[in-house]
Amino acid sequence: MDITVLFFLSSGLFLGWSLGANDAANIFGTAVGTRMIQFATAAVICAVFVVLGAVFGGAGAAHGLGKLGAVNALAGSFVVALAAAVTVYGMTKAGLPVSTTQAVVGGIIGWNLFGGFLTDTETLAKIVATWVICPVLGAIFAAVLYKAAVAFLHWAKIHMVRLDAWTRAALVITGAFGAYSLGANNIGNVMGVFISSSPFEDVNVGDLFTLTSVQQLFLLGGLAIAVGVFYSKPVMMTVGNSILPVSPIGAWVVVMSHSLVLFIFSSNELLSFVVNLGLPAYPLIPVSSSQAVIGAVIGIGLTHGMAGIRQIKWGVLADISAGWVLTPVIAAVISFFSLFVMQNVFQQQVFQKVHYELSGPVVQHLADTGIATTAFENLLGNQIVSAAAFRDALLKDTELSESDEVRVIESAEIYRTAATTENLASLDRSFLGPERSKAVEALAGRSFNHKWQLRKALTYLSPAWQPKEAAALNKDYNTKLNEMYEYLFRHLHSDNQ
Amino acid sequence: MDRVLPFQRTALLISKIDEFIDMVSEAVLLLERTVVHYLDEGADDYLDEKIERIRGIEGRGDELRRNIANVIYAEMLMPDTRGDVLGLLDEVDTILDDCVHIVIKLGIERPDFPAGVNQSLKAILSEAIKAAQAVLLGARAYFKEPYAVRNYVHKINFHNREATAIGLRSGRELFDSELPLERKQQLIGWIAVTRGLASHADDIGDKLAIFAVRRSF
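Residue numbers (our numbering), protein chains in the order written: chain A, 1 to 497; chain B, 1001 to 1217.
This is the structure in structure tokens:
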């Protein structure tokens, strides 16, 4: 068991702890804030279901590395995770609900700046968009659901005592499902990057079932999240009653609306289902659980008109909004300086250099896709280290549209893959499916310098590797196909530069 | 609370609250019957029997109310409204106390009411009983239809005003009569005590209205 891996794993566990300490408030904050459920009870329920979600529901993340997968060195992942975890920890101590995912993205931006990698402006735009769109959507859903709930309760005339019991049960059930989703959806971010270097072996529990090494890793990450949950009281109280006093019914509406926003606007499967029914497609948007919850609380306040608006503590809301903005920024700064320390003081490789070259095949490929290459002939055959330097050189004498610029950089990236006997033997055929696996096996003995070459070879061998037309109906299929490509790139990656 | 399944606890508590309000309602009805019987027939065994019965209801009502409070606090139910719920039950309990106070006072003083005062007292009592019953209906509505409480509060206000108007008129008539002052004092006290039930119901109605407003979903 490599001690270095265990050390690096610690930052993932800290990130998991921070996630539990901050995000548990999105699930049980209003229930605890309204005193419908005691904090200890909520923490236990949340912890149990988070672990179950991480181990049994996180299977889908087994091939995704989460956001940290963008970092191409383990020491770099350690620093980025640590920077995100420290940022979220600080915000948790301040009682502010923030997005752990955005903290990780901020850490990655710091890594990009340090290593000379390019930051996708779309990523930054998405973060900024969630600060506005998510709370607005949360508010709209909460307002509509709250009005509907109140109208139903007026009609149903349920006795107050019975309503109290049912509301409590509803909060527990909704919270349990929410905790399961929290574990399932976030374990990839926390532990995904450590899968390939997992220190665990598969364990057979008698003849009952097998606990795979990935599940054990996710169990460890899930336990870290679960422990963090027990430190989430300050953030729970902020969400639960520091912004606006919420009734028990309102507490349930907040949790339901935030879950609906997350489910509806981030599920490719649901979108495909809706489009298959002949209904119009709606846009999928990046969503943040923390931001949707705050929006939902405000939405309930707004349903009471001026009386509700007067009750909203706008000062607290301003602090929370500031926390959202500062989280990725602080994480980026901590990440940048920590990378410097890790690299120069601890002599660890925090990033692997990526080389770019406009070779003959690359130029031909770009010409085939309609990009004229005459303008950057002076770069032909030159290997340039770092994406930032390559882009600067590219744009020195030419002007390209943003999409063309991205395509040129992606095509020029040198990323060596080789279909060796060893790689093919350990291929996860159940994940890829028989037809795609057969196409990969047909590549035996071949190697490629660029990702697009591997893509081209596979699509030539099998139409199953061909992405479908970019339409709402095909979004789910194309997303899954992309995950398979990313898995294959990592699995066949050759370090020979 | 007795060992019962979790889902039975809710039904048990609801039935206890309903039983408590039923007890107060029974006491109010017994009060009306007792006073009317006394005004028509005078003091007899019926009066003594009803006094004991109302006192018994009061004792059981107090015990039940305490039991309800224990359950609500022990099970930590309705954290946002339990103060109002228990406050409402306490206020309803004071109606029960008023009923006991009136019948005991009647049993001790056994006053002789002249015909005019007799009729006035019956009229005031009728309005006061209606006000008290409206409080109890409003209390029941508080638990299931808080938005309907306002209707009952309106009725409570109306019956209180009527009781006050009748009390004022009969008080003036009493002091315009030739009765000796000490009798006037005693009889005006009875008008005040009877009207006091309506006035007390009106005070409870005001609090009930606030409880209902606070009990928003």
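Glycine is no exception: its CB is placed at the ideal position from the N, C-alpha and C atoms. As the structure is a computational prediction, the values presented were derived from the model and not from experiment.
For residue i, is the classification buried or exposed, using 16 other Cβ atoms within 10 angstroms of its Cβ as the cut-off for buried?
i	result
Ser1015(B)	exposed
Arg436(A)	buried
Arg242(A)	The residue you asked about is not Arg; residue 242(A) is Ser in the sequence shown. Per the 10 Å Cβ criterion, buried.
Phe351(A)	buried
Ile3(A)	exposed
Ile309(A)	exposed
Asn1160(B)	buried
Glu1049(B)	exposed
Thr238(A)	buried
Asn382(A)	exposed
Leu182(A)	buried
Ala374(A)	The amino acid at residue 374(A) is misidentified as Ala; the sequence shows Thr. It counts as exposed.
To the nearest whole angstrom, what separates the beta carbons of residue i and residue j, a pair I think is in contact under 8 Å?
i	j	result
Ile1102(B)	Leu1031(B)	6 Å
Leu1089(B)	Glu1019(B)	Not confirmed; about 12 Å, so no contact.
Phe1143(B)	His258(A)	That pair is no contact at about 30 Å.
Leu13(A)	Ala226(A)	No, Leu13(A) and Ala226(A) are not in contact; Cβ-Cβ is about 11 Å, not under 8 Å.
Leu379(A)	Leu394(A)	7 Å
Val98(A)	Asn22(A)	6 Å
Gly110(A)	Ala73(A)	The Cβ separation is near 14 Å, so there is no contact.
Val1135(B)	Ala1201(B)	5 Å
Gly445(A)	Ala296(A)	Going by Cβ atoms, the distance from Gly445(A) to Ala296(A) rounds to 56 Å, so no, they are not a contact pair.
Ala1131(B)	Ala1027(B)	Actually they do not touch by this definition, with Cβ atoms about 15 Å apart.
Ala281(A)	Ala472(A)	3 Å
Thr1010(B)	Val161(A)	6 Å
Gly33(A)	Ala142(A)	No, Gly33(A) and Ala142(A) are not in contact; Cβ-Cβ is about 15 Å, not under 8 Å.
Ala70(A)	Ser18(A)	That belief does not hold up - the Cβ atoms of Ala70(A) and Ser18(A) are roughly 19 Å apart, past 8 Å.
Ser232(A)	Ala25(A)	6 Å
Ile1051(B)	Ile1129(B)	Rounded, the Cβ-Cβ distance is 17 Å, inconsistent with contact.
Lys475(A)	Ser272(A)	7 Å
Quick one: Cα of residue i to Cα of residue j, how far?
i	j	result
Val440(A)	Val254(A)	47 Å
Val144(A)	Ile1124(B)	49 Å
Tyr1152(B)	Gly1138(B)	5 Å
Ala470(A)	Val44(A)	44 Å
Ser1025(B)	Leu1179(B)	36 Å
Ile1095(B)	Val51(A)	55 Å
Thr303(A)	Gln311(A)	12 Å
Asp189(A)	Glu1145(B)	Correcting the residue type first, residue 189(A) is Asn in the shown sequence and not Asp. Spanning the two alpha carbons is a distance of roughly 48 Å.
Gly76(A)	Leu260(A)	35 Å
Ile320(A)	Ala457(A)	50 Å
Glu402(A)	Phe200(A)	44 Å
His1154(B)	Gly301(A)	29 Å
Leu217(A)	Gly58(A)	11 Å
Leu1077(B)	Gly250(A)	17 Å
Val172(A)	Ala42(A)	8 Å
Ala125(A)	Ala170(A)	36 Å
Gly1116(B)	Asp1040(B)	13 Å
Ala31(A)	Ile1156(B)	37 Å
Met484(A)	Ser198(A)	20 Å
Val1213(B)	Arg1140(B)	15 Å
Glu269(A)	Val275(A)	10 Å
Pro283(A)	Tyr487(A)	26 Å
Ile37(A)	Val229(A)	15 Å
Leu1047(B)	Val1100(B)	12 Å
Leu1174(B)	Val1071(B)	50 Å
Asp392(A)	Leu339(A)	23 Å
Glu1109(B)	Arg1082(B)	40 Å
Leu163(A)	Pro248(A)	10 Å
Measuring from the CB of residue i, is there a heavy atom of the ligand PLP at a distance below 7 Å?
i	result
Leu1088(B)	Among the components of this structure there are no ligands whatsoever, and the ligand PLP is therefore not found.
Mind checking the segment 242 to 253 of chain A against chain B and listing, in chain order, the residues whose C-beta falls within less than 7 Å of any C-beta there? Ser247, Pro248 and Ile249
Along the segment 1178 to 1196 of chain B, what residues have a CB closer than 7 Å to any CB found in chain C? The question asks about chain C, but that chain is absent: this structure's protein chains are A and B.
Within 7 Å of chain A by C-beta, residues of the segment 1141 to 1163 of chain B in sequence order: Phe1143, Lys1144, Glu1145 and Tyr1147
Where the segment 157 to 178 of chain A meets chain B: residues whose CB sits under 8 Å from a CB there: Lys157, Ile158, His159, Met160, Val161, Arg162, Asp164 and Ala165
Entirely within the segment 331 to 397 of chain A and at least 3 residues each: give me those beta strand (DSSP E) ranges in chain order. 355 to 357 and 383 to 385
Which residues, taken in chain order from the segment 135 to 153 of chain A, show a beta carbon closer than 9 Å to some beta carbon of chain B? Tyr146, Ala149, Val150 and Leu153
Determine which residues of the segment 24 to 50 of chain A have a Cβ less than 9 Å from any Cβ of chain B, and write them out in chain order. Thr34, Arg35, Met36 and Gln38
Within the segment 171 to 212 of chain A, ranges of the beta strand (DSSP E) (whole runs, at least 3 residues): 203 to 205 and 209 to 211
Anything in the segment 1201 to 1217 of chain B with a Cβ closer than 8 Å to a Cβ of chain A? List those residues in chain order, please. Arg1215, Ser1216 and Phe1217
Mind pulling the alpha helix (DSSP H) runs of 4 or more residues that sit fully within the segment 1143 to 1184 of chain B? 1149 to 1176
By the 8 Å beta-carbon criterion, what residues does the segment 1062 to 1085 of chain B contribute toward chain A? Met1076, Leu1077, Met1078, Pro1079, Asp1080, Thr1081 and Val1085
Listed from N- to C-terminal order along the chain, which residues in the segment 1117 to 1132 of chain B have their beta-carbon within a distance smaller than 7 Å of any beta-carbon of chain A? none
Got a sec: which bits of the segment 1014 to 1036 of chain B sit with their beta carbon under 8 Å from any beta carbon on chain A, in order along the chain? Ile1014 and Ile1017
In the segment 1093 to 1109 of chain B, which residues sit with their C-beta less than 7 Å from some C-beta in chain A, listed in chain order? none
List in chain order: all unbroken alpha helix (DSSP H) runs of 4+ residues lying wholly within the segment 442 to 472 of chain A. 451 to 461
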